[in-house]
Amino acid sequence: MGYTTFFIILAVLYILYKAGLYKLFELAGLEGWKSIIPLYNLIVLTDFVEKPMWWKILVFVPYINIIIWGALMIEFLRGFKKATFWPMALTLAVPFFCLPYLGFVEKPKWQISPKEARDLKKKKKNRDWAESIVFAVFAVTVMKWGVLGAFTIPTSSMENTLLTGDYLFVSKLHYGVRTPETPLQIPLTHKRLGPIKSYSTLLQLPPIQIPGFKEVERNDIVVFNWPRDLNEDGDLLPVDMKEYYVKRCVAIAGDTLEIREAELFINGKPAFKPEDMQHTHIIKTNGKISRETLDELGINIEELQALNSYTYVTNISDDVAAKLEANPNVDEVKKHIEQENQGNARIFPSYYSNKWNQDWYGPLVIPKKEMTIKLTEENLYTYGHTIADYEKLKDVEFNKNGLFINGNKVEEYTFKQDYYFMMGDNRHNSLDSRFWGFVPADHIMGYPLFIHWSKNPNKPISRGYRLDRIGLIDHRE
Numbered sequence: 001m002g003y004t005t006f007f008i009i010l011a012v013l014y015i016l017y018k019a020g021l022y023k024l025f026e027l028a029g030l031e032g033w034k035s036i037i038p039l040y041n042l043i044v045l046t047d048f049v050e051k052p053m054w055w056k057i058l059v060f061v062p063y064i065n066i067i068i069w070g071a072l073m074i075e076f077l078r079g080f081k082k083a084t085f086w087p088m089a090l091t092l093a094v095p096f097f098c099l100p101y102l103g104f105v106e107k108p109k110w111q112i113s114p115k116e117a118r119d120l121k122k123k124k125k126n127r128d129w130a131e132s133i134v135f136a137v138f139a140v141t142v143m144k145w146g147v148l149g150a151f152t153i154p155t156s157s158m159e160n161t162l163l164t165g166d167y168l169f170v171s172k173l174h175y176g177v178r179t180p181e182t183p184l185q186i187p188l189t190h191k192r193l194g195p196i197k198s199y200s201t202l203l204q205l206p207p208i209q210i211p212g213f214k215e216v217e218r219n220d221i222v223v224f225n226w227p228r229d230l231n232e233d234g235d236l237l238p239v240d241m242k243e244y245y246v247k248r249c250v251a252i253a254g255d256t257l258e259i260r261e262a263e264l265f266i267n268g269k270p271a272f273k274p275e276d277m278q279h280t281h282i283i284k285t286n287g288k289i290s291r292e293t294l295d296e297l298g299i300n301i302e303e304l305q306a307l308n309s310y311t312y313v314t315n316i317s318d319d320v321a322a323k324l325e326a327n328p329n330v331d332e333v334k335k336h337i338e339q340e341n342q343g344n345a346r347i348f349p350s351y352y353s354n355k356w357n358q359d360w361y362g363p364l365v366i367p368k369k370e371m372t373i374k375l376t377e378e379n380l381y382t383y384g385h386t387i388a389d390y391e392k393l394k395d396v397e398f399n400k401n402g403l404f405i406n407g408n409k410v411e412e413y414t415f416k417q418d419y420y421f422m423m424g425d426n427r428h429n430s431l432d433s434r435f436w437g438f439v440p441a442d443h444i445m446g447y448p449l450f451i452h453w454s455k456n457p458n459k460p461i462s463r464g465y466r467l468d469r470i471g472l473i474d475h476r477e
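Using full-length UniProt numbering, you'd call the opening residue of the sequence shown number 1 and step up by one each time.
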């Protein structure tokens with residue numbers, strides 16, 4: 001579905017919604033024209049259903065006003081004695097169908113004021129939970145889509161900045177809200193409900209990016225949809241159905257990135273180093289290191305691998321490595337760095353002549369919107385997949401012979417959006433852009449704000465809580 005078709009359908013649905021609301025206003029004894037004016041109609045309804053003054057203020061707060069709209073619709077339905085499960089659920093989910101049906105087909109009479117209806121409901125012995133369930137699901141869905149998301153750190157790829165078992169709140173407002181591409185989805189789920197797929201791709205909408213109040217900046221910690229997430233058939237999933245990843249944005253659109261001997265350089269200059277950034281270290285001992293010592297140093301037991309009785313490999317920061325080397329049972333702690341020109345087939349862009357690995361990488365230019373590149377034999381594999389997979393071209397083919405758009409071989413290409421390069425702070429234990437490439441701007445989901453809970457998954461419940469982790473996330477620590 002193209003944008004033109006999408007906006008035509010959107011306009012038709014909006015007219016249907018307004019027509020239904022206009023008729024219900026008239027049936028309730030209100031002037032129909034007042035339903036047509038955006039926001040003003042909510043002010044009118046706030047007075048009509050006898051809600052307090054602060055509701056009128058919230059009408060002007062973006063995203064919160066969607067929840068206020070839902071609450072007012074339920075109150076409005078109550079006056080028609082339609083505040084049962086299905087009328088409420090359908091009004092909140094598909095108002096452009098439900099409201100015209102109520103207004104022009106059922107034509108209910110205004111029977112009771114919302115206040116009288118609320119007073120009557122309080123007297124019932126068996127409370128009807130339908131309203132609470134419907135509105136709670138609606139409100140949480142709106143908040144999750146447009147304001148704040150919840151995210152749990154599943155792996156150690158961002159240690160020690162973010163730890164496995166940290167529970168985050170992620171702001172959707174910072175980088176801007178993205179409208180759903182896959183609307184047919186069970187509320188409050190992402191991809192699956194247990195073993196069952198929780199969405200359908202029968203209806204796919206063009207996503208619209210609502211501007212945020214900041215751009216993605218170098219060194220921001222970012223939550224995004226993993227670009228290479230595939231379905232059962234091996235095809236890329238819709239963007240909003242892809243798994244969430246959290247990494248650090250080390251390079252923004254237009255930057256040149258290079259890694260030399262495990263040191264990151266951006267535009268030829270040494271890049272920002274997170275305080276607790278980790279690399280793989282080889283530990284040679286002359287005796288046993290106690291678990292208490294490892295816990296005190298924050299070494300992840302799950303990542304400690306024994307090569308033999310006296311040699312171990314793990315991912316730690318330089319500071320922890322120095323403290324560990326001071327232990328009398330440790331002879332040496334040495335950072336492991338891969339050899340230059342020793343190519344890794346798993347490394348992006350993954351072609352046979354690539355000599356890059358995770359410690360020797362680039363130089364690589366990050367694509368920028370409206371940046372034009374000439375496609376050559378040297379960069380075809382670097383940018384070809386990106387153009388074919390993320391630039392939303394209708395007829396595109398990429399193979400060893402080149403990039404073809406509408407059947408014509410392309411010698412140069414101008415990018416339609418910005419891209420970013422993401423890396424984990426646990427540099428030797430992170431599947432990131434070094435392995436699967438650029439993150440498109442339309443995959444950016446949110447800005448981590450706050451750790452609201454933290455639990456060490458490797459410890460029992462009684463001893464695993466990390467209350468010292470709770471607080472605001474410092475993106476530049």
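Where a beta carbon is used, it is the ideal one built from N, C-alpha and C, also for glycine.
All values reported here derive from a predicted model rather than from experimental measurement.
Check: Per DSSP, which one or two residues make a beta bridge with residue 134?
Finding: Residue 134 pairs with nothing; no bridge assigned.
Next item on the list: Just tell me which of 57, 110, 65, 68 has its CA closest to the CA of residue 82.
Entry: Looking at the Cα atoms, 110 is the closest of the given residues.
Next item on the list: Report the residue from 383, 243, 199, 90 whose alpha carbon sits nearest the alpha carbon of residue 185.
Entry: 199
Margin query: Can you tell me whether residue 220 is buried or exposed? The criterion is at least 16 other CB atoms within 10 Å of its CB, across all chains shown.
Written below: buried
Next item on the list: Classify residue 1 as helix, strand or coil using the three-state DSSP reduction.
Entry: Residue confidence for residue 1 is low, a pLDDT of 48 falling below 50, so the modelled location carries little weight; the figure read from the coordinates is stated next. If DSSP states are grouped into helix, strand and coil, residue 1 belongs with coil.
Next item on the list: Scan the region 255–313 and note each continuous beta strand (DSSP E) run of 3 residues or more that stays entirely inside, going in chain order.
Entry: Those beta strand (DSSP E) runs which fall completely within the region 255–313 and span 3+ residues are 256–260, 263–266, 278–285, 305–308.
Note to self: Check for me: the beta strand (DSSP E) holding residue 334 runs from which residue to which?
What the structure shows: 330–335 is the span of the beta strand (DSSP E), which, as asked, contains residue 334.
Notebook entry, point to check: How is residue 53 classed by DSSP in three states: helix, strand or coil?
Noted result: helix
Next item on the list: Put residue 7 into one of helix, strand or coil per three-state DSSP.
Entry: The answer is helix: DSSP assigns residue 7 an H, G or I state.
Notebook entry, point to check: Can you tell me where the beta strand (DSSP E) with residue 447 in it begins and where it stops?
Noted result: 444–454
Next item on the list: For the beta strand (DSSP E) containing residue 423, list its first residue and its last residue.
Entry: 419–423
Notebook entry, point to check: Beta carbon of residue 315, beta carbon of residue 429: below 7 Å?
Noted result: Judged by beta-carbon spacing, residue 429 lies within the 7 Å limit of residue 315, meaning their Cβ atoms are closer than that value.
Notebook entry, point to check: How is residue 250 classed by DSSP in three states: helix, strand or coil?
Noted result: strand
Notebook entry, point to check: Does DSSP put residue 152 in a helix, a strand or coil?
Noted result: Secondary structure at residue 152: strand, using DSSP grouped into helix, strand and coil.
Notebook entry, point to check: Looking at C-alpha atoms only, which residue of 21, 59, 307 is the closest neighbour of residue 102?
Noted result: 21
Next item on the list: Answer yes or no: does any C-beta atom of chain D fall closer than 7 Å to that of residue 228?
Entry: Of the protein chains in the structure, only one exists, and it is not chain D.
Next item on the list: Note down, in chain order, each residue of its chain lying with its Cβ closer than 8 Å to the Cβ of residue 407, except the 5 sequence neighbours on either side.
Entry: 395
Notebook entry, point to check: So, using beta-carbon positions, are residue 338 and residue 359 closer together than 7 Å?
Noted result: For residue 338 and residue 359, yes; Cβs fall inside 7 Å.
Margin query: Tell me the DSSP secondary structure of residue 84 in three-state form.
Written below: coil
Next item on the list: Apply the 10 Å Cβ neighbour rule to residue 163 and answer buried if 16 or more other Cβ atoms are within range, or exposed otherwise.
Entry: buried
Notebook entry, point to check: Going along the chain, which residues of its own chain have a beta-carbon closer than 6 Å to the beta-carbon of residue 356, five neighbours each way excluded?
Noted result: 347
Next item on the list: Quick one: using the 10 Å Cβ neighbour count with 16 as the cut-off for buried, is residue 426 buried or exposed?
Entry: buried
Next item on the list: State the start and end residues of the unbroken alpha helix (DSSP H) segment that holds residue 373.
Entry: Residue 373 -> not in any alpha helix (DSSP H); beta strand (DSSP E) instead, spanning 372–374.
Notebook entry, point to check: Taking the alpha-carbon positions, what's the residue 472 to residue 250 distance?
Noted result: 21 Å
Item checked: Under 7 Å between C-beta atoms of residue 104 and residue 23 -> With contacts defined by Cβ atoms closer than 7 Å, residue 104 and residue 23 form a contacting pair.
Item checked: Backbone secondary structure at residue 197 - three-state DSSP -> It is a strand residue.
Check: Tell me which same chain residues have a C-beta within less than 8 Å of the C-beta of residue 39, skipping the five on either side of it?
Finding: So the qualifying residues of the chain are 59, 60, 65.
Note to self: Considering only the alpha carbon of each residue, which of 458, 447, 466 lies closest to residue 218?
What the structure shows: 447
Next item on the list: Consult DSSP for residue 104 and reduce its assignment to one of helix, strand or coil.
Entry: helix
Next item on the list: For residue 279, count neighbouring C-beta atoms within 10 Å of its own C-beta (all shown protein chains included) and say buried if the count is 16 or more, exposed if not.
Entry: buried
Notebook entry, point to check: Once you ignore the five residues that flank residue 92 on each side, which residues in its own chain have a CB closer than 7 Å to its CB?
Noted result: Correct list, in chain order: 70, 73, 134, 138.
Next item on the list: Please classify residue 127: is it buried, with 16 or more other beta-carbons within 10 angstroms of its beta-carbon, or exposed?
Entry: Note that residue 127 scores 46 on pLDDT, short of 50, meaning its location in the model is unreliable; the coordinates nonetheless yield the value given after this. Looking at its Cβ environment, which holds fewer than 16 other Cβ atoms inside 10 Å, residue 127 is exposed.
Next item on the list: Would you kindly work out how many angstroms separate the C-alpha atoms of residue 340 and residue 67, rounded to a whole number?
Entry: 56 Å
Next item on the list: Using alpha carbons as the reference points, say which of 277, 273, 35 lies closest to residue 298.
Entry: Answer by Cα proximity: 277.
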